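*Asks:* Pasting a structure below so you can have a look.
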Amino acid sequence: MNIKKLVAAVAIIAVCCLFYLLALDSYCDQGGTFSAGICTITTIIPW
């Protein structure tokens, strides 16, 4: 039972990271910038 909870938690975290990167990519494409240069990460992502 604990393995199923662990797999579910990892899957949820992975989906959240995916949606965060998609939102960040959209924000950076609209001309938004961050002082830490995080928009350079979205140039690596193929979508």
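Letter 19 of the sequence shown, counting from 1, is numbered 19 in this note's numbering, and no numbers are missing.
A virtual CB, placed ideally from N, CA and C, is assigned to each residue, including glycine.
As the structure is a computational prediction, the values presented were derived from the model and not from experiment.
1) Hey, could you find the ends of the alpha helix (DSSP H) C39 is sitting in?
2) I'd like the span of the alpha helix (DSSP H) that includes I3, first residue to last.
3) If we ignore side chains and look at the alpha-carbon of each, how far apart do L21 and A9 end up?
4) Rounded to whole angstroms, what is the Cα-Cα separation between C28 and C39?
*Replies:* By the coordinates alone:
1) Position 39 of the sequence shown holds residue 39. Element bounds for C39: n/a, residue is neither H nor E.
2) Residue 3 sits at position 3 when you count from the first residue of the sequence shown. Looking at the DSSP string, the run of the alpha helix (DSSP H) that includes I3 is 2 to 29.
3) Here residue 21 is taken as the residue at index 21 of the sequence shown, counted from 1. Here residue 9 is taken as the residue at index 9 of the sequence shown, counted from 1. Computed Cα separation, rounded: 18 Å.
4) To locate residue 28, count along the sequence shown from 1; it is residue 28. To locate residue 39, count along the sequence shown from 1; it is residue 39. Between C28 and C39, the C-alpha separation is close to 6 Å.
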